[in-house]
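Participant: Numbering (my numbering), first residue to last: 4 to 394.
The structure under discussion is supplied below as structure tokens; questions concerning it will follow.
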Amino acid sequence: MVSFKKEETEKFRLAQPANTDCAWGIMQLKIAVLPGDYIGPEVMAASLPILEAVLKRSGHTLEHSTHPVGGAGIDASGKALPDSTLSACQQADAILFGSVGGPKWEKLPPAEQPERASLLPLRKHFKLFANVRPGFLPKTLMDASPIRPERIPNGIDMVCIRELTGGLYFGQPKRTTTLPDGDIEGVDTMVYRKSEIIRITDVAIATARARGKKLLSVDKANVLECSVLWRKVVSEHVAATAPDLTLSHMYVDNAAMQLVLNPAKFDVLLTENMFGDILSDEMAVICGSLGMLSSASLGDVKNRHDLPFGLYEPAGGSAPDIAGQNKANPCAQVLSAALMLRHSFGLNAEADAIENAVKKTIADNIRTGDIAFGGASVGTKEMGEAILKRL
Ligand code: IPM
Ligand code: MG
């Protein structure tokens with residue numbers, strides 16, 4: 004799990020809260036809850052009681068309002084990101100996001116589909132350029148990993164730092180055109196500026212310093228101009244500002260291979276948007292299940308507590324195939340709420356309590372189907388209740 008030392012948090016603008024809400028350090032947390040589609044509302048419903056319980060115990064007050072997003076937004080008001088949802092997010096200290104998209108809306112033009120028309124604009128609007136995804140496989144979950152146990156005697160503990168507002172996702176031009184010869188051409192543009200590379204490298208440096216001081220930057224510098232620049236800027240910036248770290252570089256194809264060959268060797272992996280999208284799914288699945296992958300998307304925008312405004316979401320998607328059946332794993336959503344407490348509210352003890360309750364539940368062999376591997380499994384709701392009991 005990612006945690007930052009105090010000096011690091013300051014560098015990464017993740018300073019401890021001033022606790023200015025009242026003289027006794029009681030915090031008022033105002034969050035926008037965006038459950039989204041398919042399993043989104045189910046895993047959200049299992050997670051909120053856990054969040055409420057941990058905050059109630061420490062005396063903080065939680066004010067949350069729920070808003071439609073993605074397909075639910077399209078159904079409610081014709082837009083994947085309704086104006087009322089965006090404005091609720093603007094007034095909140097953080098966003099707790101579920102998942103969006105699915106077959107119901109797949110006939111819409113690509114740019115209007117739930118994922119592209121809600122999640123990406125939210126990331127862009129709030130300039131959430133840093134996506135932090137912890138990959139953690141405890142020894143007790145070893146049987147859920149597709150990696151042979153002898154390759155990971157101590158489990159896996161790594162973090163993927165993915166650049167989130169640049170590269171192929173947002174570069175212009177981005178279009179599909181019919182050419183004069185009748186052929187059709189689709190174009191996406193991969194573009195990075197030095198300043199964008201430096202700011203995400205700073206996040207990776209802070210993360211590496213709070214962990215094993217090892218930083219691996221992943222690119223495709225043998226082919227891509229963006230990656231040549233990426234490697235040069237990361238190397239120079241780390242040499243100039245973080246000589247205490249051990250920096251290495253890997254091409255993305257090799258990194259994909261090394262992740263399954265030697266996952267235990269990974270610590271902090273820094274990469275651009277598209278590569279991070281792909282490698283973080285690989286990381287999640289070697290850590291047991293996509294249903295365990297939480298994420299924090301952070302930027303420079305501060306909330307009322309002078310801490311980073313953030314969007315917190317499970318990275319696994321809306322899983323239409325298991326929706327409505329009480330089968331989805333709520334852990335990624337619960338762990339995303341823990342990341343929210345840590346990064347947007349500075350509530351490290353509360354975040355630890357949630358993470359430990361999840362670990363304890365898994366160690367007690369209470370599991371949803373995705374991590375049960377033939378053993379007995381429980382439903383979404385029961386998994387949530389089991390975590391709550393262990394808080
Ligand atoms: C993720 C998801 C999104 C992405 C999709 C839903 C747009 O896969 O957060 O990893 O590609 O960034
Ligand atoms: Mg993804």
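Backbone N, C-alpha and C define an ideal beta-carbon position, used for all residues, glycine too.
(1) DSSP beta-bridge partners for I134?
(2) What is the rounded straight-line gap between the Cα of D24 and the Cα of H308?
(3) Here's the rule I'm using: 16 or more other beta-carbon atoms within 10 Å means buried, otherwise exposed. How should G81 be labelled?
(4) May I ask you to check if the CB of A326 is nearer than 7 angstroms to at least one heavy atom of the ligand MG?
(5) Below 6 angstroms CB to CB, which residues in the same chain sit around S102 once its five sequence neighbours on both sides are set aside?
(6) Where I203 and A133 are concerned, what is the direct C-alpha to C-alpha distance, given to the nearest angstrom?
(7) Is G189 helix, strand or coil by DSSP?
(8) Find the nearest neighbour of F312 within the set D247, G170 and Q93, judged by alpha-carbon distance.
(9) By the three-class DSSP mapping on this structure, what secondary structure does M30 have?
(10) T143 to P317, Cα distance in whole Å?
(11) When every heavy atom of the ligand IPM is checked, does at least one fall within less than 7 angstroms of the C-beta of L123?
(12) Taking the continuous beta strand (DSSP E) assigned at I98, which residues delimit it?
(13) Does at least one heavy atom of the ligand IPM sit under 7 angstroms from the Cβ of E115?
(14) Going along the chain, which residues of its own chain have a beta-carbon closer than 6 angstroms to the beta-carbon of K389, five neighbours each way excluded?
(15) Among all residues, which have a Cβ less than 7 angstroms from at least one non-hydrogen atom of the ligand MG, and in what chain order do they fall?
(16) Can E199 be considered in contact with the ligand IPM, in the sense that its beta carbon sits closer than 7 angstroms to one or more heavy atoms?
(17) Could you give the distance in angstroms between the alpha-carbon of M386 and the alpha-carbon of K235?
(18) Should E55 be listed as close to the ligand IPM, given that the test is whether its C-beta is under 7 angstroms from any heavy atom?
(19) Decide if M260 is buried, meaning its Cβ has at least 16 other Cβ atoms within 10 Å, or exposed.
(20) Take the Cβ of T371 as the centre, count every other Cβ of all protein chains shown within 10 Å, and call the residue buried at 16 or more, exposed below.
(21) Would you tell me roughly how many angstroms separate the C-alpha atoms of A120 and G73, rounded to the nearest one?
(22) Pick out the complete beta strand (DSSP E) segments inside the stretch 108–160, 3 residues or longer, and give them in chain order.
(23) Can you tell which of C290, A326 and N351 has the C-alpha that lies nearest to the C-alpha of K151?
(24) Would you tell me roughly how many angstroms separate the C-alpha atoms of L248 and E239, rounded to the nearest one?
(25) At the level of alpha carbons, what is the spacing between M161 and T181?
(26) With hydrogens ignored, establish whether the beta-carbon of E109 is closer than 7 angstroms to any heavy atom of the ligand IPM.
Facilitator: Working from what's here:
(1) First, the amino acid is wrong: residue 134 is Asn here, not Ile. Paired residue(s): R165 and S300.
(2) Note that D24 has pLDDT 41, beneath the 50 cutoff, so the model's placement of it is unreliable and no number is given.
(3) Residue environment: G81 is assigned as exposed (fewer than 16 neighbouring CB atoms within 10 Å of its CB, all protein chains considered).
(4) No, Cβ of A326 sits at least 7 angstroms from all heavy atoms of the ligand MG.
(5) Around S102: G39, G43, G320 and S321.
(6) The straight-line gap separating the alpha-carbon atoms of I203 and A133 is approximately 6 angstroms.
(7) The answer is strand: DSSP assigns G189 an E or B state.
(8) If we check each option's Cα against that of F312, Q93 comes out closest.
(9) DSSP, reduced to helix, strand and coil, places M30 outside both helices and strands of the structure shown, so it counts as coil.
(10) Cα atoms of T143 and P317: separation of roughly 21 angstroms, rounded to the nearest angstrom.
(11) Yes - the ligand IPM has a heavy atom lying nearer than 7 angstroms to the Cβ of L123.
(12) First-last of the beta strand (DSSP E) with I98: A97 to S102.
(13) Incorrect: E115 has no Cβ contact closer than 7 angstroms to the ligand IPM.
(14) Sequence check: residue 389 is Ala here, not Lys. Only residues of its own chain outside the window of five on either side were considered, and among them T364 and I369 have a CB closer than 6 angstroms to the CB of A389, listed in chain order.
(15) What you get when you keep residues with a C-beta closer than 7 angstroms to any heavy atom of the ligand MG is D280, S283, D284 and A318.
(16) Using a cutoff of 7 angstroms, the CB of E199 does not count as near the ligand IPM, since none of the ligand's heavy atoms is closer than that.
(17) Computed Cα separation, rounded: 46 angstroms.
(18) Incorrect: E55 has no Cβ contact closer than 7 angstroms to the ligand IPM.
(19) Under this definition M260 is an exposed residue.
(20) If you draw a 10 Å sphere on the C-beta of T371, you find 16 or more other C-beta atoms in it, and that means buried.
(21) Whole-angstrom Cα-Cα distance: 7 angstroms.
(22) Segments of the beta strand (DSSP E) lying fully in the stretch 108–160: 133–140.
(23) The sequence given here has Arg at residue 151, not Lys. The residue among C290, A326 and N351 with its C-alpha nearest the C-alpha of R151 is C290.
(24) L248 and E239 have their C-alpha atoms some 13 angstroms from each other.
(25) Rounded to whole angstroms, the separation of the alpha carbons of T181 and M161 is 44 angstroms.
(26) Every heavy atom of the ligand IPM is 7 angstroms or more from the Cβ of E109, so no.
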